[in-house]
Amino acid sequence: MSEIHVKDGESIDSALKRFKRSCAKAGVIAEVRKREHYESPSVKRRKKSEAARKNNKKRYY
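Numbering (our numbering), first residue to last: 1 to 61.
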């Protein structure tokens, strides 16, 4: 979990911006999206294979 400390005289907007940035760096949002719905192992393997195929295609063109 990302944690920030609000500095003296810091506005809520800037503190929120720092918090969002730290969450993005830690990968919290991506992890939540990934775990939002259950994915069976076969679907995970299929997605991983498709991503590898796509990356290979990008590499050679």
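Where is the CB? At the ideal position from N, CA and C, for every residue including glycine.
- Query: Is the beta carbon of Phe19 sitting closer than 8 Å to the one on Ile29?
  - Reply: no
- Just checking my contact of Ser2 with Cys23 at CB under 8 Å: how many whole Å lie between their CB atoms? 5 Å
- Any idea what DSSP makes of Asp8, helix, strand or coil? coil
- Item | Arg45, enclosing alpha helix (DSSP H) - first and last residue | 41-60
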